[in-house]
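If you read the sequence shown in the working numbering, its first letter stands for residue 16, the second for the next number, and so on.
We put the CB at the ideal spot given by N, CA and C, even for glycine.
Please read these numbers as outputs of a predicted model, since none were measured by experiment.
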Amino acid sequence: MAIPYTSQQTYIDDFDAKEYLQAYCADKDGHFSGDWSDFALPILHEIFTTGGVKGDTMLDFGTGPTIYQLLSACEVFDNIIVSDFLEKNRAEFQRWLKKDPDAFDWTHIIKSVCELEGKSSREDCEKKAEKLRSKVKEVLKCDALKRNPYDPVVVPPVDCLLSCLCLEVPCKDIQSFCDVLKNFQDLIKPGGHLLLLSALRETFYHIGTKQFSSLYINEEELEMAFKEAGYQIKKAVYKQRPDNAAMDFTDCQGFYFIHACKPK
Ligand SMILES: C[S@@+](CC[C@H](N)C(=O)[O-])C[C@H]1O[C@@H](n2cnc3c(N)ncnc32)[C@H](O)[C@@H]1O
16 MAIPYTSQQT YIDDFDAKEY LQAYCADKDG HFSGDWSDFA LPILHEIFTT GGVKGDTMLD
76 FGTGPTIYQL LSACEVFDNI IVSDFLEKNR AEFQRWLKKD PDAFDWTHII KSVCELEGKS
136 SREDCEKKAE KLRSKVKEVL KCDALKRNPY DPVVVPPVDC LLSCLCLEVP CKDIQSFCDV
196 LKNFQDLIKP GGHLLLLSAL RETFYHIGTK QFSSLYINEE ELEMAFKEAG YQIKKAVYKQ
256 RPDNAAMDFT DCQGFYFIHA CKPK
């Protein structure tokens with residue numbers, strides 16, 4: 016049965032940053048453990064090392080209340096701009112930035128990323144967290160459905176735009192997904208990078224008892240959307256989840272990573 020599209024107002028009312036972090040990012044029993052984390056963290060480590068993606072400024076679009084997606088990037092970008100639609104997510108991110116005692120504990124994820132870098136002492140993990148804090152220069156509001164998602168702010172084009180688990184939330188169909196990718200062109204320098212990581216063929220996910228809709232998108236539709244939006248795809252990685260991995264909190268069938276470039 017098709018899940019009705021979650022309206023922006025429902026999203027604003029229902030999304031709870033702390034519940035999301037607890038359900039998805041908690042150590043050991045978070046839904047990301049051994050699943051999304053095992054997919055995303057090594058890919059992000061690779062792309063910002065041997066993958067050669069680097070520059071001055073990276074923009075993270077739809078950051079949410081999470082930091083995991085920035086831990087490898089902070090080794091190669093001096094300026095990181097994070098951004099999210101919801102004030103409560105930006106506030107939660109700021110709590111981590113300001114070392115608020117009420118902030119989420121990311122130690123286990125920081126340790127995993129440090130291990131990928133061949134460093135895993137407590138001191139290494141503390142240094143990594145401090146490095147990321149020092150690189151985050153702005154926390155902005157964004158709305159994917161606006162022609163300029165940062166309106167009225169104009170963000171100068173960046174070397175790299177990253178977005179994780181975001182666009183399937185606001186986009187209600189493939190055309191709107193493609194339009195967002197087209198609008199991203201203005202946010203990226205010529206020759207710059209667009210990195211998208213997200214869920215494949217998913218129609219819903221739960222946070223506790225609340226259900227949110229997600230745009231169902233498959234491999235073909237994704238690649239078509241990037242091409243139609245004017246990008247050159249450099250790399251596409253798809254990971255299928257086994258059928259028996261179907262869980263009650265999502266019907267997601269896999270994950271994708273697309274690395275594309277804006278033409279020079
Ligand atoms: C599933 S969360 C993902 C958060 C984080 N990037 C992660 O990887 O865990 C989806 C995010 O999309 C954001 N979002 C929802 N509607 C949006 C919109 N219109 N524009 C930009 N972001 C939006 C939400 O605020 C939320 O942070």
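Pick from the options: whose alpha carbon is nearest that of residue i?
i: PHE283; options: PRO257, GLN268, LEU210 and VAL252; result: A question about residue 283 goes unanswered here, because the residues of the chain that appear run from 16 up to 279.
i: TYR246; options: ASP93, CYS193, GLY70 and LEU101; result: CYS193
i: LEU215; options: ASP174, ASP201, PHE108 and GLU235; result: GLU235
i: TYR253; options: GLU243, PRO278, PHE272 and VAL173; result: PHE272
i: PHE241; options: THR224, LYS225 and GLN190; result: GLN190
i: LYS143; options: PRO171, ILE248 and TYR83; result: TYR83
i: ASP117; options: ILE125, GLU107 and ILE124; result: GLU107
i: MET239; options: ALA251, SER228 and SER229; result: ALA251
i: PHE30; options: LEU160, THR64, PRO278 and PHE227; result: PHE227
Can you tell me whether DSSP reads residue i as helix, strand or coil?
i: ALA240; result: helix
i: ALA144; result: helix
i: ASP115; result: coil
i: ILE96; result: strand
i: THR72; result: strand
i: GLU132; result: coil
i: SER191; result: helix
i: LEU202; result: helix
i: ASP139; result: helix
Count the other CB atoms, across all protein chains shown, that sit within 10 Å of the CB of residue i; report buried if there are 16 or more and exposed otherwise.
i: ASP120; result: exposed
i: PRO257; result: exposed
i: PRO80; result: buried
i: SER136; result: exposed
i: THR122; result: exposed
i: ASP99; result: buried
i: PRO167; result: exposed
i: TYR21; result: Note that residue 21 is Thr in the sequence shown here, rather than Tyr. Answer is buried; the Cβ neighbour count reaches 16.
i: VAL195; result: buried
Cutting at 7 Å between CB atoms, please list the residues of its own chain near residue i, excluding the five before and the five after it.
i: ASN198; result: ARG162 and PRO164
i: ILE27; result: LEU101
i: PHE264; result: HIS46, TYR220 and HIS221
i: LYS146; result: CYS89
i: TYR231; result: ARG216, GLU217 and THR218
i: ASN94; result: ASP71, THR72, LYS150 and LYS152
i: SER229; result: GLU183, VAL184, ALA214, GLU217, THR218, PHE219 and TYR220
Rounded to whole angstroms, what is the Cα-Cα separation between residue i and residue j?
i: MET262; j: HIS46; result: 10 Å
i: ASN233; j: ASP53; result: 21 Å
i: ARG110; j: LEU131; result: 26 Å
i: LYS295; j: SER213; result: Because the chain spans 16 through 279 in this model, residue 295 falls outside it and cannot be assessed.
i: ILE203; j: GLN37; result: 33 Å
i: ARG105; j: LYS114; result: 14 Å
i: ALA32; j: TYR39; result: 11 Å
i: VAL154; j: ILE96; result: 6 Å
i: LEU59; j: LYS69; result: 12 Å
Near residue i, which residues of its chain fall below 6 Å by C-beta distance, leaving aside the five closest residues on each side in sequence?
i: TYR35; result: ILE222
With a CB to CB cut of under 8 Å and the five nearest residues on each side skipped, what residues in its chain are close to residue i?
i: CYS157; result: PHE76, GLY77, SER98, ASP99, PHE100, PRO164 and TYR165
i: CYS276; result: GLY206, GLY207, HIS208, LEU209, TYR246, GLN247 and LYS249
i: PHE270; result: TRP51, PHE54, ALA55, LEU212, SER213, ALA214, LEU215, TYR253, LYS254 and ARG256
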